[in-house]
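Trainee: Please find one structure pasted underneath; my questions will follow.
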Amino acid sequence: AKSGGGNVVAGYHARMREGLVERLELESDLRAAVENGDLRLHYQPLVDLASSQVIGFEALVRWPHPTRGMINPLDFIPIAEATGLIVPLGRWVLHEACRQAVEWSTAAGGRPLKMSVNVSVRQFDRADLSEVVAAVLAETGMPADRLCLEMTESVLMTDTDANLEQLVRLKALGLTLAIDDFGTGYSSLAYLRRFPVDTLKIDRSFVERLGVIADDTALTDTIVRLGKSLGMATVAEGIEEFGQLAALREMGCGFAQGYYFSRPVPAAEAGRLFLEGAAV
Ligand code: C2E
Ligand code: CA
Ligand code: CA
Ligand code: CA
Numbered sequence: 633a634k635s636g637g638g639n640v641v642a643g644y645h646a647r648m649r650e651g652l653v654e655r656l657e658l659e660s661d662l663r664a665a666v667e668n669g670d671l672r673l674h675y676q677p678l679v680d681l682a683s684s685q686v687i688g689f690e691a692l693v694r695w696p697h698p699t700r701g702m703i704n705p706l707d708f709i710p711i712a713e714a715t716g717l718i719v720p721l722g723r724w725v726l727h728e729a730c731r732q733a734v735e736w737s738t739a740a741g742g743r744p745l746k747m748s749v750n751v752s753v754r755q756f757d758r759a760d761l762s763e764v765v766a767a768v769l770a771e772t773g774m775p776a777d778r779l780c781l782e783m784t785e786s787v788l789m790t791d792t793d794a795n796l797e798q799l800v801r802l803k804a805l806g807l808t809l810a811i812d813d814f815g816t817g818y819s820s821l822a823y824l825r826r827f828p829v830d831t832l833k834i835d836r837s838f839v840e841r842l843g844v845i846a847d848d849t850a851l852t853d854t855i856v857r858l859g860k861s862l863g864m865a866t867v868a869e870g871i872e873e874f875g876q877l878a879a880l881r882e883m884g885c886g887f888a889q890g891y892y893f894s895r896p897v898p899a900a901e902a903g904r905l906f907l908e909g910a911a912v
């Protein structure tokens, strides 16, 4: 039993080392990918529920790894955050998404295109974020009011003066701010009164159980009403079925995303979708 235990421990250390080596490898690969411009953006259509038209996209980063295949953002964003790589990565995402939005909008005869970009806590905590965003808007010619920055509740919830000032600086650029994954974070809603937020993105976990679990249906309805009463837009995430769409329309939710309409797609396909201008 003793030697068996020893083997277990040795095996454990070997696995730890493997895990560490793999992590370090991923880290240096990611650094190279960011430096060499090897990351890609996919775009998920944002649908206006009143007209059923695609009015814009959410930019979602992808990492086509030379040997590991496509790596999911949930597997490398945490590494990017831990290493600080999220800062150059996030700037690249912002720039590429805005550049692409301007290109598509121009190709569609100037039809406005709303582009939504995810901003992580690490980016938000940097004092120069609003200067970075301002520079990207100037570089790409993106009209500020067509850009939406998505942040999770955890970013916004720390109700400090520094956070408020950061949000005010961003708002002063003329862009819109959305709370991502709304309803999954904290229970206090006090910050909604204080912070200049424009949009609530209702988390997929609520939408998933619409019509199935009464409590989730009631919660979604409440979030839509809350948004309305605060003069905020509501976007439902993760619509996969017609029943969910029908329920959200009934509630008066303004906008939606989800596989029901389209998965996130590569740039060429997203450009076509927008240019066709067809209702989905
Ligand atoms: P998120 O911001 O909540 O993005 C929505 C995620 O849900 C995306 O996953 C999208 O592909 C997925 N999704 C959309 N519609 C449906 C649906 O109908 N059903 C299901 N099951 N899933 C759906 P993805 O692209 O893997 O991104 C995961 C997360 O990674 C994002 O969650 C976001 O938090 C983060 N992320 C992605 N791109 C960026 C980025 O450029 N910067 C930062 N900071 N984070 C990013
Ligand atoms: Ca998002
Ligand atoms: Ca989300
Ligand atoms: Ca999410």
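First residue of the sequence shown: 633, per full-length UniProt numbering; consecutive thereafter. Backbone N, C-alpha and C fix where the C-beta goes; we use that ideal spot for every residue, glycine too.
#1: Please determine whether the Cβ atom of Gln732 lies at a distance below 7 Å from any heavy atom of ligand 1.
#2: Is Gly688 helix, strand or coil by DSSP?
#3: If you measure from each CB to the nearest heavy atom of ligand 2 and keep those under 6 Å, what residues do you get, in chain order?
#4: Within the same chain, show all residues whose beta-carbon is closer than 6 Å to that of Asn704, passing over the 5 residues directly before and after it, in chain order.
#5: Between Ser752 and ligand 1, is there a pair consisting of the residue's CB and a ligand heavy atom that are separated by less than 7 Å?
#6: Ignore the nearest five residues each way along the sequence and tell me which others in Ala740's own chain have a CB closer than 8 Å to its CB.
#7: Looking at Val839: is its Cβ nearer than 8 Å to the Cβ of Ile811?
#8: Tell me whether Pro898 sits in a helix, a strand or coil according to DSSP, three-state version.
#9: Could you round the C-beta distance between Ala733 and Leu745 to whole angstroms and report it? I think they count as a contact, below 8 Å.
#10: Checking the sheet assignment: what are the DSSP bridge partners for Ser683?
#11: Does DSSP put Thr738 in a helix, in a strand, or in coil?
#12: If Ala767 sits next to Leu805, beta carbons under 8 Å apart, how far is it from one beta carbon to the other, in whole angstroms?
#13: Leaving out five residues on either side along the sequence, give the residues of the same chain with a beta carbon under 7 Å from the beta carbon of Asp661.
#14: Name the residue from Leu809, Asp835 and Leu824 whose alpha carbon lies nearest to the alpha carbon of Lys816.
#15: Give the range of the beta strand (DSSP E) segment to which Ala868 is assigned.
#16: Using the C-alpha atoms, what's the distance from Leu807 back to Leu781?
#17: Of all the options Glu797, Leu678, Ser894 and Gly884, which has the alpha carbon lying nearest to the alpha carbon of Asp757?
#18: According to DSSP, is Pro677 helix, strand or coil?
#19: Return helix, strand or coil for Thr790, following the three-state DSSP convention.
#20: Any heavy atom of ligand 3 within a distance shorter than 7 Å of the CB on Glu869?
#21: Kindly provide the ranges of any alpha helix (DSSP H) runs that are 4 or more residues long and lie completely inside the stretch 767-815, ordered along the chain.
#22: CA-CA distance, Leu788 and Leu862?
#23: Could you tell me the alpha carbon to alpha carbon distance between Leu681 and Asp830, rounded to whole angstroms?
Mentor: With the given structure in hand:
#1: no
#2: Secondary structure of Gly688 (DSSP, three-state): strand.
#3: So the residues near ligand 2 by this Cβ test are Glu690, Asn750, Glu782 and Asp812.
#4: none
#5: yes
#6: Excluding positions up to five away in sequence, the list reads Phe906, Leu907 and Gly909.
#7: The answer is no: Cβ separation not under 8 Å.
#8: If DSSP states are grouped into helix, strand and coil, Pro898 belongs with the strands.
#9: 5 Å
#10: DSSP output for Ser683 lists no bridge partner at all.
#11: helix
#12: Not confirmed; about 11 Å, so no contact.
#13: His697
#14: The amino acid at residue 816 is misidentified as Lys; the sequence shows Thr. With distances taken between Cα atoms, Thr816 lies closest to Asp835.
#15: Ala865 to Ala868
#16: 8 Å
#17: Glu797
#18: strand
#19: In the three-state DSSP reduction, Thr790 falls in the coil class, being neither helix nor strand.
#20: yes
#21: Segments of the alpha helix (DSSP H) lying fully in the stretch 767-815: 785-789 and 793-804.
#22: 17 Å
#23: 18 Å
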